[in-house]
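Accompanying notes for the structure given below.
Protein chains in written order, with my numbering: chain G, 4 to 258; chain B, 200 to 504.
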């Protein structure tokens, strides 16, 4: 094997549940320092692709390499910061924003070592980066949807990863949170971070994106520059890429 | 108090306090992952272990721990696979456990009825010095594990997928929780009995989370409430001559009810005060309700999933 600079490499990846095929023979490569957006309509398989890349969904075929290591043998999880679509269903046991973000240090610290000064500094820095430094002691449940999303991003940033993997970070997020998020992501990219994000609409993130991969029915139909926002493309996945951006001003109705 | 002049009451008190402290420390993780009733299920299985122990004339506590651990691990493996049939499998496990236990205890001989009642509803006052040592040592192990591993266990119970991507040994820690549940159930069965085991793990947590803001504070308050209910229950049961396990649980539930009423009243007062303040400042700020109701109907289907 030779050394590559590929951070994420999915080769002929296939995923299915029972007899439904979600991804068929997908290739995806993200190299160090790149910011790649995975676009596509609902059900195109974009979330499944990143979940498969992270080992959360088993592959039916093909292979995944993370930082050049076959996924099965990959152990340096502290190099990856994962931001799920939303906080898991609340359980009723309260948790403060600070406690959730502190979970992000576990990949680096390990299970047994108690948190130290470096951990506290990193948590504080991550909270500042997403603009939630003053909410550290508040219960997560009292935050707006956008603020909860920023909490999850802070949790990933707290681990000081080299690669951020984000699943629809801007879906249903208010404008203020989108901008705070774009700033945090910009700072991460400026520090040579690599980003793989799933998005429905790019919004304020657009200027950060180096490359867009568009999925349609579980296949890559575009890999290159971000498709122009106008809907004149022949690209079959395209008309779902920028849906109703203006219709979602806040989480007021859904929170 | 005069009831504590008897040595068996002192032993009962120590046992109750130790269990009252350890049970919520584990219970908070079960509540967080919405498995509040798992303790009951494991308790049912533990009864089969008790039956085996009585039948073989061995320590029922030991066989109960083993049976409960096997049951808890089986439940965890079912949960991990996320099968829809898991629900039915749990039901089979629970009822199989209690039926097997009742049958085996019955086979074990004459004093079996008294024995069965002692395990179903607790019998702290009959705990020997040896029993007490077993309780104290096992509780200390549970407590140490739950406190030392709190950040990792919190991460797993809060967001298991994230914990997986963090490279945490998710499966090992899940099995640890399962085995710890089995141990806690078995020692708590001496105090409140198998049928009330979950109460000590869950009710103090439910009480604490009404007034706390964070996970760590919830854990601390739940442990205090658990210890206080256990101690108070032993005293009350000794004084009023009531069933000890039931008294402990009733006290814990009374604390829950009192906290719920208190916290509810506090929130209501604060909301009133807040609304009054808003009204005084900007009485026109509140939108007419028709406008609010009008828009979401159009917007909801547009939301990306």
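Backbone N, C-alpha and C fix where the C-beta goes; we use that ideal spot for every residue, glycine too.
No experiment lies behind these values; they were computed from the predicted model shown.
Practice item. Output yes if chain G places a C-beta closer than 7 Å to the C-beta of residue 293 of chain B; else output no. Key: Your numbering for residue 293 of chain B matches position 94 in the second chain. The C-beta of residue 293 of chain B comes no closer than 7 Å to any C-beta of chain G.
Review point. Terminal residues of the continuous alpha helix (DSSP H) containing residue 102 of chain G?
Key: Here residue 102 of chain G corresponds to residue number 99 of the first chain, with the count starting at 1. Here the alpha helix (DSSP H) through residue 102 of chain G covers 100-105.
Review point. Nearest-angstrom Cα distance between residue 360 of chain B and residue 329 of chain B?
Key: Taking the second chain and counting its residues from 1, the one referred to as residue 360 of chain B is at position 161. Taking the second chain and counting its residues from 1, the one referred to as residue 329 of chain B is at position 130. So the two alpha carbons sit approximately 43 Å from each other.
Review point. Is the stretch 244-253 of chain B touching the stretch 289-305 of chain B in the sense that three or more CB pairs, one from each, lie closer than 8 Å?
Key: Touching, per the Cβ criterion.
Exercise for review: Specify, as a first and last residue, the run of the alpha helix (DSSP H) that residue 243 of chain B falls within.
Suggested key: By 1-based counting over the second chain, the position of residue 243 of chain B is 44. It spans 237-255 - the alpha helix (DSSP H) in which residue 243 of chain B sits, taken as one unbroken run.
**Study point:** Closer than 7 Å to chain C by CB, residue 354 of chain B
**Key:** Here chain C cannot be found, since the structure's protein chains are G and B.
Practice item. In angstroms with no decimal places, state the Cα-to-Cα distance between residue 322 of chain B and residue 239 of chain B. Key: Along the second chain, read from residue 1 onward, the residue named residue 322 of chain B stands at position 123. Along the second chain, read from residue 1 onward, the residue named residue 239 of chain B stands at position 40. Roughly 18 Å between the two C-alpha positions.
Exercise for review: Measure from the C-beta of residue 218 of chain G to each C-beta in chain B and report whether the shortest distance is under 7 Å.
Suggested key: Here the question's residue 218 of chain G lines up with position 215 in the first chain. With 7 Å as the cut-off, residue 218 of chain G does not count as an interface residue toward chain B.
Review point. Taking contact to mean at least 3 C-beta pairs separated by less than 8 Å, is the stretch 140-156 of chain G in contact with the stretch 383-393 of chain B?
Key: With the cut-off at 8 Å, the stretch 140-156 of chain G and the stretch 383-393 of chain B do not touch.
Practice item. Give the C-beta separation of residue 410 of chain B and residue 462 of chain B to the nearest angstrom, bearing in mind that I take them to be a contact with Cβ-Cβ under 8 Å. Key: Taking the second chain and counting its residues from 1, one reaches residue 410 of chain B at position 211. Taking the second chain and counting its residues from 1, one reaches residue 462 of chain B at position 263. Going by Cβ atoms, the distance from residue 410 of chain B to residue 462 of chain B rounds to 6 Å, so yes, they are a contact pair.
Check your understanding: Quick one: Cα of residue 223 of chain G to Cα of residue 203 of chain G, how far?
Key -> Translated into the one-based positions of the first chain, residue 223 of chain G becomes position 220. Translated into the one-based positions of the first chain, residue 203 of chain G becomes position 200. Those two C-alpha atoms are separated by around 16 Å.
Review point. Checking contacts by CB at 7 Å: is residue 365 of chain B closer than that to chain G?
Key: Looking up residue 365 of chain B in the second chain gives position 166. Residue 365 of chain B counts as touching chain G.
Practice item. State the Cα-Cα distance for the pair residue 379 of chain B and residue 152 of chain G, rounded to the nearest angstrom. Key: Along the second chain, read from residue 1 onward, the residue named residue 379 of chain B stands at position 180. Along the first chain, read from residue 1 onward, the residue named residue 152 of chain G stands at position 149. Computed Cα separation, rounded: 33 Å.
Practice item. Report back the beta-carbon spacing between residue 357 of chain B and residue 103 of chain G to the nearest angstrom; my notes put them in contact at under 8 Å. Key: Translated into the one-based positions of the second chain, residue 357 of chain B becomes position 158. Translated into the one-based positions of the first chain, residue 103 of chain G becomes position 100. Indeed, because the Cβ distance is near 7 Å, the residues count as touching under 8 Å.
Exercise for review: Can you tell me which of the three DSSP states residue 300 of chain B falls into?
Suggested key: Counted from its first residue, the second chain places residue 300 of chain B at position 101. For residue 300 of chain B, the three-state secondary structure derived from DSSP is helix.
Practice item. Report the residues of the stretch 337-348 of chain B with a CB closer than 8 Å to any CB of chain G, ordered along the chain. Key: Cβ contacts with chain G come from 347 and 348.
Check your understanding: Whose CA, out of B/271, B/365 and B/454, lies closest to the CA of residue 407 of chain B?
Key -> Counting from one through the second chain, the residue named residue 407 of chain B turns up at place 208. For residue 407 of chain B, the nearest C-alpha among the options comes from B/454.
Review point. Ordered along the chain, which non-local residues of its own chain (more than five positions away) have a Cβ less than 8 Å from that of residue 65 of chain G?
Key: Taking the first chain and counting its residues from 1, the one referred to as residue 65 of chain G is at position 62. Correct list, in chain order: 13, 14, 15, 16, 17, 28 and 29.
Exercise for review: Give the secondary structure of residue 8 of chain G by DSSP, where H, G and I count as helix, E and B as strand, and everything else as coil.
Suggested key: Here residue 8 of chain G refers to the residue found at position 5 of the first chain. Reduced to three states, the DSSP call for residue 8 of chain G is coil.
Review point. Since residue 53 of chain G contacts residue 199 of chain G with CB under 8 Å, what's their CB separation in whole angstroms?
Key: Numbered from 1 along the first chain, position 50 holds the residue referred to as residue 53 of chain G. Numbered from 1 along the first chain, position 196 holds the residue referred to as residue 199 of chain G. The C-beta separation of residue 53 of chain G from residue 199 of chain G comes to about 6 Å, placing the pair in contact by the 8 Å criterion.
Check your understanding: Is the Cβ of residue 96 of chain G closer than 7 Å to any Cβ of chain B?
Key -> For this step, residue 96 of chain G is matched to residue 93 along the first chain. Residue 96 of chain G counts as touching chain B.
Check your understanding: Whose Cβ in chain B lies nearer than 8 Å to the Cβ of residue 106 of chain G?
Key -> The residue you call residue 106 of chain G lines up with position 103 of the first chain. Going along chain B in sequence order, the residues near residue 106 of chain G (Cβ under 8 Å) are 350, 353, 354, 357, 358, 361, 362 and 365.
Review point. Can you tell me whether DSSP reads residue 28 of chain G as helix, strand or coil?
Key: The count along the first chain starts at 1 and reaches residue 28 of chain G at position 25. Secondary structure at residue 28 of chain G: strand, using DSSP grouped into helix, strand and coil.
**Study point:** N- and C-terminal bounds of the beta strand (DSSP E) containing residue 222 of chain G
**Key:** Numbered from 1 along the first chain, position 219 holds the residue referred to as residue 222 of chain G. 222-227 is the extent of the beta strand (DSSP E) around residue 222 of chain G.
Review point. Under 7 Å between C-beta atoms, does residue 165 of chain G make it to chain B?
Key: Along the first chain, one-based indexing puts residue 165 of chain G at 162. Taking 7 Å as the CB threshold, residue 165 of chain G stays off the interface with chain B.
Review point. So is residue 414 of chain B in contact with chain G if we call contact Cβ pairs under 7 Å?
Key: Your numbering for residue 414 of chain B matches position 215 in the second chain. Yes, residue 414 of chain B counts as interfacial toward chain G.
Check your understanding: Name the chain G residues whose beta carbon is nearer than 8 Å to that of residue 368 of chain B?
Key -> In the second chain, the residue the question calls residue 368 of chain B occupies position 169. Taking a Cβ-Cβ threshold of 8 Å, the residues of chain G close to residue 368 of chain B are 114, in chain order.
Review point. Using the beta-carbon of each residue, which ones in chain B are nearer than 8 Å to residue 87 of chain G?
Key: Looking up residue 87 of chain G in the first chain gives position 84. Using a Cβ-Cβ cut-off of 8 Å, residue 87 of chain G is close to 358, 360 and 361 of chain B, given in chain order.
Practice item. Indicate the three-state DSSP secondary structure (helix, strand or coil) for residue 147 of chain G in the structure shown. Key: Here residue 147 of chain G is taken as the residue at index 144 of the first chain, counted from 1. In this structure, residue 147 of chain G counts as coil in the three-state DSSP scheme.
Check your understanding: With a cut-off of 7 Å, does the C-beta of residue 142 of chain G fall near any C-beta of chain B?
Key -> On the first chain, position 139 is the one that residue 142 of chain G refers to. Put simply, the CB of residue 142 of chain G is near chain B, with a gap under 7 Å to one of its CB atoms.
Review point. Ordered along the chain, which non-local residues of its own chain (more than five positions away) have a Cβ less than 6 Å from that of residue 242 of chain B?
Key: As a first step, residue 242 of chain B is located in the second chain; it is residue number 43 there, counting from the start. These residues qualify, in order along the chain: 384, 393 and 396.
Check your understanding: Would you say residue 130 of chain G reaches chain B, if we count a Cβ-Cβ gap shorter than 7 Å as a contact?
Key -> Within the first chain, residue 130 of chain G is the residue found at index 127, counting from 1. With 7 Å as the cut-off, residue 130 of chain G does not count as an interface residue toward chain B.
Check your understanding: If contact means a Cβ-Cβ distance below 8 Å, which residues of the stretch 56-67 of chain G contact chain B?
Key -> Of all residues in the stretch 56-67 of chain G, 57, 58 and 59 have a Cβ within less than 8 Å of some Cβ in chain B.
**Study point:** Short CB-CB distance (under 7 Å) between residue 110 of chain G and chain B
**Key:** Counting from 1 along the first chain, the entry for residue 110 of chain G is found at position 107. Yes, its Cβ sits closer than 7 Å to a Cβ of chain B.
Review point. Where does residue 413 of chain B sit, in a helix, a strand or coil, going by DSSP?
Key: Translated into positions along the second chain, residue 413 of chain B becomes position 214. Secondary structure of residue 413 of chain B (DSSP, three-state): coil.
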